[in-house]
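Going down the list, the protein sequences come from chains A and B. Under full-length UniProt numbering, the first residue of the first sequence carries the number 1, and numbering increases by one thereafter. Under full-length UniProt numbering, the first residue of the second sequence carries the number 1, and numbering increases by one thereafter. To keep things clear, I will list the structure first and then write my remarks on it.
Protein chains: 2
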Amino acid sequence: MNKQNKRKQFHNLISIEKARKIIKPHIKTQTQEIPIHQAAGHTTTTNIKSPIDVPPFDRAAMDGYAVKAKDTYGAEEDNPKQLTIKGEIKAGETPKQKIKTGETIEIATGAVMPAGANAVVMIEHTDQQNQKINIRKPVHPEQHVMHAGTDITTGEKIIPKNKTLTPREIGLLSATGHQTIKTKKPPKIAIISTGDEITTPPKKPKPGQIYDINQNTLYSAIKETGAKPQKYGVTPDNKQKIQKTLKKAAKENDIILTTGSTSAGQTDILYKILQNKLLFHGLKIKPGKPTFAAKHNNTLIIGLPGYPTSCLTIYKTLIEPIIHQKTGKTQNQNTITVQTTTKIPSVPGKKHLIPIGITKQKNKHKAYPVYQGSGAIKSLSNSEAIITAQPNEKYIQKGETKKAILHSKHLQIPKLLIMGSHCIGTDILTTNLKQTNKTIHTGSKGGLEMMTQNIPDAIGIHLLNKNQQYNKGYIKKHNIKNAQLIKGYKREQGIITQKNNPHNIKTITDLIDKNITITNRNQGSGTRKLLDQKIKQIAKKRNKTPKQIKNQIKGYNNTPTTHSAVAQAIKNKKTDAGIAIKPYATKHNLHFIKITEEQYDYIIKKTKQTQEIKKTIQSKKFKKQINQTPGLKTTKKTGQKIE
Amino acid sequence: MNKQNKRKQFHNLISIEKARKIIKPHIKTQTQEIPIHQAAGHTTTTNIKSPIDVPPFDRAAMDGYAVKAKDTYGAEEDNPKQLTIKGEIKAGETPKQKIKTGETIEIATGAVMPAGANAVVMIEHTDQQNQKINIRKPVHPEQHVMHAGTDITTGEKIIPKNKTLTPREIGLLSATGHQTIKTKKPPKIAIISTGDEITTPPKKPKPGQIYDINQNTLYSAIKETGAKPQKYGVTPDNKQKIQKTLKKAAKENDIILTTGSTSAGQTDILYKILQNKLLFHGLKIKPGKPTFAAKHNNTLIIGLPGYPTSCLTIYKTLIEPIIHQKTGKTQNQNTITVQTTTKIPSVPGKKHLIPIGITKQKNKHKAYPVYQGSGAIKSLSNSEAIITAQPNEKYIQKGETKKAILHSKHLQIPKLLIMGSHCIGTDILTTNLKQTNKTIHTGSKGGLEMMTQNIPDAIGIHLLNKNQQYNKGYIKKHNIKNAQLIKGYKREQGIITQKNNPHNIKTITDLIDKNITITNRNQGSGTRKLLDQKIKQIAKKRNKTPKQIKNQIKGYNNTPTTHSAVAQAIKNKKTDAGIAIKPYATKHNLHFIKITEEQYDYIIKKTKQTQEIKKTIQSKKFKKQINQTPGLKTTKKTGQKIE
């Protein structure tokens, strides 16, 4: 049997719209009766009427005196009309007296109007003398009286069917004496993760295992919709165990979501259990192709992909709109309009759901790509939303307007976006910022590219130009508009090795010639550029191409995006050496061989919001914290504009 | 003692900003440790770091074959390289074998890379022959391998301090094996209503009592912020009972909110209990002047005004921003920018918080006034948000841009806004609309005014013009742009009396001359205009002014806004007669004397959204439902454009 065919059993890929249509009838619309104070956010299933008048009686709308209006006619400030006080009506009391011509009763706001009275004189327009009051301003009939039923009448429709309730509707229900209300019942949803490779704390992952992510992300995403999630743990690839969990979950829920085990491969036991009960298997979409739906024990099961970004993306686009509809919310909740800052490549022939970061510029939401690979949690955590490229789009063009589905209603678009080279100094900077901010490590060159596309508010860089000067001229060279270079600090860059430098590494040459493995850095990082510059020099001396030298270095393609990752790899003895800045060697108690002292500066956009970044770099607190960090050092020029 | 002075003890009115500053230090910032799947919407109190590498090992990023990259060099589609399969590694397994030159191991996505291999060939680029595979495309070193720690490194800061968590951060926490997280703890808030005039169901209100509204509106508004509300019921104006409830609430909560009993009047016992413990009493704001704060049993008590609209308004502007801050949310949550459609009068000398309705026109949010009096729940329920007029503003000008605080995050701006005359036929119309819609009863003339200001999408009217034609010419007369008159239906208008017409009323003249009380309608309603036209004719005949005739009619100023209210007033024997349409007489089994048959039509804006209104009027279903309603009748022209 051909293995390739064995694994690829997606006969009928369908569109996500069709999948939604297939699923929808299998999710019941149910109602519940709940106390009204718990009902905000829920949606009515019927028109709600008032069983009473509001107010239920004619009431005083002001503190003052209940009168016959005609008794006040002609009253003036210096020529008052005098009336005899016959008593007092407090709010909540039933008036027993009736007033006659020439009489009045003191009355509180909200109190029942006494018989015989047809208006209220405000207390401000009266003064009292013994048992008489002087009225210094006339009132017309019905003035300051609120009639029974003028606010709401018995039988009036106060809330229509299919209305999502807010405190104002809760107010209407309270005023009219409702205690409970019928609303759409949110579905109960089971979440099951599958796979031998997955575990959850407090268990330690065995070699080859990773922690489960999807149960928790789905749980919190489902909870946001108002539906009721329940976690059923991780089920290993074992037929009996999966069947047992499915049976229990089906009994207790309206929908079951499983993650992983969807791709019809040889270990995909879940797929085998359900293969004769499938409603569909395979979506014409990226990511999420192996998604399936099945009906098992009369309960709808939806199988989501195992990769966290794919899993949440398919949940948000396939399932959440149906839950919103079943619970009476607009399907477009949590969508915003964004404009792309750059061309984003897509996959022609199928829909492509693309995670994007969002930044706010001049009151417009701008989208930028953040994709770091389908297995990377950073593809999810660096993004704010998902946009869709249609099957006929090879690219999403720069400047295109797209509807974006936000990952969460709790999501805040950060005020400041900082990219560029990873440095502990930038961590110090961002921790001191008061405005919400987000940092993405792109490396110095990546940061410059992003800056050219007008995406970040600031980038940290450490790049030697042709004149062997740090960071100068790049604003002009990259045609970056409306930005300035602000002096940062000096930092020691060098080779990190294990504690006692067991391989006795002293120079970059040793990384090539000694039979060791290194951890390199990502393309676009200044640190990688530093290594490549050194390699170029060595290659020239040895009469070789730089590529030849690179091929000689084991681990040249180990390319994490942070200094911290380099230090960790060495500390954990996964590799022998790497290039990084001194603070990380110190932090992890590793050996450090200084190669150079570089200048780490910031290119900052000139906007109102970025003022805080500049001011923070200039602050005493920031400088003090920098100088307390081994290998970092401010200079007299720190915080000054260089160009 | 002068009563006026006795009641007005607001010595030091302060601004709402100052009040917020006074309150803030009395609300503690607390932390809690919660399971991560429950943490979405909560805010971190510390920087969160990863205790592990993600992935924790070098893993295959694709289903395929783990190889030494150089073994694949030169492979082509029609000239494959052949390797020997030495086994298989599933996800979650620990590989035991090591591969040598010429060997390969089948590997699943996510599985641990075997020693000796440095790349993965995708299964799509291979085919199997017995224990060999043909590789038809070369790979470079590290291709389709995800290195340990490339996604997240041990010690890396994964979530900063003061970050509100969403499913993506829950994903980061899960991936790194966190089970719980420290977040800001939402405060516990007690809600107490006070006053003898207030009760709650299932109790029936005694004469003079109304149902409590504020406990439920505050409960649902507080819950939206994530804080923990608890209701303590209605406390009557009794010193011992109030003190007992306060003591219990103080023990169990961080903050106590009371409503009512704030105005330092003679029944305001709560105020007297707290008067020596006040932090402030009286705000320079409308509404909400009598608001106070006090410290009692070491707990902060805030006294909110009793009127529901005032109560919720002060909660939203004074208290909610502090709760948002203490729980780590942006203070500007649920604010949007609106533009006023009309001049809105304000109160100079103090801040004025004004409830407004919001409609969306061409992607802009437009604000219109909805105020119906401070005691009216409709002031709250017809509005979507609050805007602020500053003390120096006599008016908010038409077209002004204002920040509006939405009543709720669950609030949906209705797609269609319908105003004008109240008719059961319009209820039928709106019930049939699929787009979200909102109806405000303004009467025919009120509707025309609103239409002139470009506020509603449609209005229902029944107005006789100078030529004794219904509804024609008003679009032009009122200079309404981009609108059309669509034929509605005929309806019988007449006098409603109690069941057997005990006063033997037959004509409008009887309403004047027989010693009875009527319920009239609000100014601006077509029904009131009908009565006024008849009065004018009678006045002319009797050689009197219309005003003189009106003064003769008892209840001329009983002016509810709906036909339903008129019928209810008569049914409940509060008045003897009124003018309304036949359906309401039939519905309540009352006597009906036909005066006229009028034409009820719709003026509809020409927009894409209002297409549905027109189509619904033209639909068979609508026409059928109209003709099933006593007193209503469609004609051949129903649904046609008249002008």
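Cβ atoms here follow ideal geometry from the backbone N, Cα and C, with glycine treated the same way. All of these numbers come straight from a predicted model, not from anything done at the bench.
Runs of the beta strand (DSSP E) lying entirely within the segment 46–124 of chain A, each at least 3 residues long, are 64–67, 81–89, 103–107 and 119–122 in chain order.
When the Cα atoms are used, Ile273/B and Tyr211/B turn out to be separated by approximately 25 Å. About 7 Å separates the beta carbons of Ala293/A and Leu300/A, which is inside the 8 Å limit, making them a contact pair. The Cβ atoms of Ile516/A and Ala577/A lie closer than 8 Å to each other. Every beta strand (DSSP E) stretch that sits fully inside the segment 146–230 of chain B and reaches 3 residues is listed by chain position as 157–159, 180–185 and 188–194.
At a cut-off of 8 Å, the C-beta of Gln523/A has no neighbouring C-beta in chain B. Burial of Lys378/A is indicated by the presence of at least 16 other C-beta atoms within 10 angstroms of its C-beta. Beta-bridge partners assigned by DSSP to Leu380/B: none are found. The beta-carbon distance between Glu612/A and Gln435/A, rounded to whole angstroms, is 6 Å. This is short enough to meet the 8 Å contact definition. Taking Leu353/B as reference, the option from Asn543/B, Lys286/B, Gly526/B and Thr337/B with the minimal CA-CA separation is Lys286/B. In this structure Arg168/A is buried. Its beta-carbon is surrounded by 16 or more other beta-carbon atoms within 10 angstroms.
Listed in chain order, the non-local C-beta contacts of Thr166/B below 7 Å within the same chain comprise Ala40, local neighbours out to five positions each way being set aside. Annotated as distal: Lys326/B and Thr46/B, with beta-carbon spacing of 8 Å or more. Contact annotation: Pro369/A and Ile344/A have beta-carbon atoms nearer than 8 Å. Residues of the segment 166–178 of chain B with a C-beta atom less than 8 Å from some C-beta of chain A are Thr166, Pro167, Arg168, Glu169, Ile170, Gly171, Leu172, Leu173, Ser174, Ala175, Thr176, Gly177 and His178, listed in chain order.
Boundaries cannot be given for Gly306/A, as no beta strand (DSSP E) includes it and DSSP labels it neither H nor E.
By the Cβ test, the segment 58–72 of chain B is in contact with the segment 111–119 of chain B, since at least three Cβ pairs between them sit closer than 8 Å. Contact note: Tyr219/B reaches chain A through His37, using a C-beta cutoff of 7 Å and chain order.
Within chain B, no residue has its beta carbon less than 9 Å from that of Phe592/A; the closest one is some 17 Å off. Excluding five sequence positions before and after Gly639/B, the CB atoms of its chain that fall closer than 6 Å to its own CB belong to Ile617 and Gln618, given in chain order. By the beta-carbon neighbour count (other beta carbons within 10 angstroms, threshold 16), Thr31/A is exposed. Thr176/B is a Cβ neighbour of Ile52/B, given a cutoff of 8 Å. Counted as a single uninterrupted DSSP element, the stretch harbouring Ile626/A is not any beta strand (DSSP E) but the alpha helix (DSSP H) occupying residues Lys620 to Asn627. Against chain A, the beta carbon of Gln240/B has no neighbour under 9 Å; the closest one sits roughly 18 Å away. Secondary structure of Asp601/A (DSSP, three-state): strand.
Residue contact with chain B for Gln32/A: absent (no Cβ-Cβ distance below 8 Å to any residue of chain B). Taken in chain order, the whole beta strand (DSSP E) runs of length 3 or more contained in the segment 419–493 of chain A are 437–439 and 458–461. Your pair Lys445/B and Gly524/B checks out as a contact, with CB atoms roughly 4 Å apart and the cut at 8 Å. Asn297/B sits close to Lys247/B, with the two beta carbons spaced by under 8 Å. In the displayed model, Thr527/A falls within a helix according to three-state DSSP.
Of the other Cβ atoms in all chains shown, fewer than 16 fall within 10 Å of the Cβ of Thr635/B; this residue is therefore exposed. Minimum Cα-Cα distance from Ile152/A among the listed residues Ile181/A, Arg542/A, Asn134/A and Ser50/A corresponds to Ser50/A. Between the alpha carbons of Lys351/B and Ile480/B lies a distance of about 34 Å.
Annotation for Lys360/B: the continuous beta strand (DSSP E) segment containing it runs Lys351 to Gln361. Gln599/A and Gly282/A have their C-alpha atoms some 52 Å from each other. In this structure, His422/A sits away from Met451/A, with a CB-CB distance that is not shorter than 8 Å.
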